[in-house]
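Chemist: Letter by letter, the sequence shown follows residues 8 to 320 of the working numbering.
For glycine and all other residues, C-beta sits at the position ideal for the given N, C-alpha and C.
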Amino acid sequence: MTKDEGAMIYFSHDDGLAHVNPPGHPEQVARLEAVGAALAGMDLDRRAAPLCDDAEILRCHPRAHLDRIAAAVPAEGWRALDADTSLSPGSLTAARRAVGGCVAAVDAVLAGEAKTAFVGCRPPGHHAERETPMGFCLFGNIAIAAMRALDHHGLDRVAVVDFDVHHGNGTQDLLWDEGRALFVSSHQMPLYPGTGAASERGAQDNVLNLPLAAGSGGEAMRALYEDRVFPALRDFAPDLLLISAGFDAHAADPLAGLNWSTADFGWLTGRLCDLADELCGGRIVSTLEGGYDLQALGASVAAHVAVLKERSA
Ligand SMILES: [Zn+2]
């Protein structure tokens, strides 16, 4: 572990490798290995993602949700929670690292230890609803990070930008009533999980859903972000920018049909850094969501983190 004052912080943990989905599942252990390999040569402030306390999970989920998942963890093999979402013996520990990494990243960035942080953990989180694990996700990692920033640190407003190719239905559910949080999601539509229509606006007009058509590419994405996302962020004026960084909008991804390039992820990261510089002192916490072509995932994460690192200095 290296310590480089002011450098971008990278939270991860090998416990993430102990969350094992059944053979052939796209959300595989090798994803985290691909991310680790892609970032191996970078000079980052590497920190172990801590295990979170129950209290962090309970910021967004009822006790019954945590208890249900804990009780379902199998001693060996797998236990299916739904058609897509399974537990292995190491899943709860991995999920606690994913939440803990997001919480620690918020704490570190708000303490001024770095301007930007990336959490490279799994399972992902943006599909987990208040009482429903789904879509490979158990807990709402980024929504918990948002509530940590608001309720523990006392920020007035946080924004979450979700550029995963799937709608972040879980984050939307967890932040639906929270007027101090703006949730913005771009996603292919129609696609799993089926939610994310522009008409879904949040109880406090605090949700902005921006569906993209299958087959659309980087130019359409760039125009959408310039025309809709960045003005919305300026209007909201967050004190911290959180990113649900899924890389499954990449043209090579097997689960979806957008045609973003690796360079598009770098461009988008840079523009989000521009907005963070303008609005919130450059403070960004980003966390890994999807991305299922291992080569595209590694290259896209490297492009994302390289920009975060450059802009953290
Ligand atoms: Zn996804």
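Identify every residue that forms a DSSP beta bridge with D52.
Modeler: Here residue 52 is taken as the residue at index 45 of the sequence shown, counted from 1. Beta-bridge pairing links D52 to I16.
Chemist: Provide the residue(s) that pair with N266 in DSSP beta bridges, ordered along the chain.
Modeler: Taking the first residue of the sequence shown as position 1, residue 266 is located at position 259. For N266, which the question treats as bridged, DSSP gives the partners G224.
Chemist: Measuring from each Cβ to the nearest heavy atom of ligand 1, keep the ones under 6 Å and list them in chain order.
Modeler: Residues with a Cβ closer than 6 Å to any heavy atom of ligand 1, in chain order: D171, V172, H173, G253, D255, E296 and G297.
Chemist: Can you find at least 3 beta carbon pairs, one from the stretch 234 to 252 and one from the stretch 181 to 192, that sit closer than 8 Å?
Modeler: Short answer: they touch.
Chemist: Just checking my contact of L58 with R104 at CB under 8 Å: how many whole Å lie between their CB atoms?
Modeler: Taking the sequence shown and counting its residues from 1, one reaches residue 58 at position 51. Taking the sequence shown and counting its residues from 1, one reaches residue 104 at position 97. Contact flag correct, Cβ pair sits at about 6 Å.
Chemist: Just the C-alpha distance for D169 and E317, rounded to the nearest angstrom, thanks.
Modeler: Taking the first residue of the sequence shown as position 1, residue 169 is located at position 162. Taking the first residue of the sequence shown as position 1, residue 317 is located at position 310. Rounded to whole angstroms, D169 to E317 spans 21 Å at the Cα level.
Chemist: What separation, rounded to the nearest whole angstrom, lies between the Cα atoms of H20 and L39?
Modeler: To locate residue 20, count along the sequence shown from 1; it is residue 13. To locate residue 39, count along the sequence shown from 1; it is residue 32. Near 10 Å, if we compare the C-alpha coordinates of L39 and H20.
Chemist: In angstroms, rounded to a whole number, what distance separates the CA positions of A77 and F146?
Modeler: Sequence index remark: in the sequence shown, residue 77 carries index 70 (1-based). Sequence index remark: in the sequence shown, residue 146 carries index 139 (1-based). Spanning the two alpha carbons is a distance of roughly 12 Å.
Chemist: Count Cβ pairs between the stretch 256 to 271 and the stretch 85 to 101 that sit closer than 8 Å; are there 3 or more?
Modeler: Because the criterion of three Cβ pairs below 8 Å is not met, the stretch 256 to 271 and the stretch 85 to 101 do not touch.
Chemist: Quick one: what does DSSP say A87 is sitting in, helix, strand or coil?
Modeler: Locating residue 87 in the sequence shown gives position 80, counting from the first residue. DSSP places A87 in strand when its eight states are reduced to three.
Chemist: Quick one: residues in its chain with C-beta nearer than 7 Å to the C-beta of C287, no 5 flanking neighbours on either side, listed in chain order?
Modeler: Translated into positions along the sequence shown, residue 287 becomes position 280. Same-chain partners within the cutoff: P245, D246, L247 and L248.
Chemist: Quick one: Cα of G142 to Cα of T202, how far?
Modeler: By one-based count along the sequence shown, residue 142 stands at place 135. By one-based count along the sequence shown, residue 202 stands at place 195. In a straight line, the C-alpha of G142 is about 13 Å away from that of T202.
Chemist: Using a Cβ-Cβ cut-off of 6 Å (strictly less than) and excluding sequence neighbours within five positions of A205, which residues of its own chain qualify?
Modeler: Against the sequence shown, residue 205 aligns to sequence position 198. These residues qualify, in order along the chain: N216.
Chemist: Look up N325 in the DSSP assignment and give the residues it is bridged to.
Modeler: What is shown of the chain runs 8 to 320, which leaves residue 325 out entirely.
Chemist: Rounding to the nearest angstrom, what Cα-Cα distance links P218 and E233 in this structure?
Modeler: Reading the sequence shown from its first residue, position 211 is the one you call residue 218. Reading the sequence shown from its first residue, position 226 is the one you call residue 233. Approximately 15 Å, taken between the alpha carbons.
Chemist: Tell me the rounded alpha-carbon separation between W183 and G209.
Modeler: Here residue 183 is taken as the residue at index 176 of the sequence shown, counted from 1. Here residue 209 is taken as the residue at index 202 of the sequence shown, counted from 1. C-alpha separation (whole angstroms): 5 Å.
Chemist: Assuming V314 and T269 make a contact with CB atoms under 8 Å, what is their CB distance in whole Å?
Modeler: Position 307 of the sequence shown, counting from 1, holds the residue named residue 314. Position 262 of the sequence shown, counting from 1, holds the residue named residue 269. That belief does not hold up - the Cβ atoms of V314 and T269 are roughly 12 Å apart, past 8 Å.
Chemist: Between P200, H160, M228 and L117, which lies nearest to P140 when the distance is taken from Cα to Cα?
Modeler: Indexing the sequence shown from 1 puts residue 140 at position 133. When each option's Cα is compared against that of P140, the closest is P200.
Chemist: Return the residue from the list C280, R66 and D255 that minimises the CA-CA distance to Q302.
Modeler: Taking the first residue of the sequence shown as position 1, residue 302 is located at position 295. That would be D255, whose Cα lies nearest to the Cα of Q302.
Chemist: So, using beta-carbon positions, are G161 and I149 closer together than 8 Å?
Modeler: Translated into positions along the sequence shown, residue 161 becomes position 154. Translated into positions along the sequence shown, residue 149 becomes position 142. Contact: no.
Chemist: Ordered along the chain, which non-local residues of its own chain (more than five positions away) have a Cβ less than 6 Å from that of A320?
Modeler: For the purposes of this step, residue 320 is identified with residue 313 of the sequence shown, where counting begins at 1. Taken in chain order, the list of residues that qualify is empty.
Chemist: Pick from A44, L88 and D114: whose alpha carbon is nearest that of S306?
Modeler: Residue 306 sits at position 299 when you count from the first residue of the sequence shown. For the record, residue 306 in the displayed sequence is Ala; it is not Ser. Here the closest residue by C-alpha is A44.
Chemist: Since G175 contacts S251 with CB under 8 Å, what's their CB separation in whole angstroms?
Modeler: The residue labelled residue 175 in the question sits at position 168 within the sequence shown. The residue labelled residue 251 in the question sits at position 244 within the sequence shown. Sure, about 6 Å apart at Cβ, within 8 Å.
Chemist: Quick check on DSSP: helix, strand or coil for T123?
Modeler: In the sequence shown, the residue the question calls residue 123 occupies position 116. T123: strand per DSSP, three-state reduction.
Chemist: Would you mind working out which of P81, A102, A112 and Q35 sits nearest D52, comparing C-alpha positions?
Modeler: Along the sequence shown, read from residue 1 onward, the residue named residue 52 stands at position 45. Nearest C-alpha to D52: A112.
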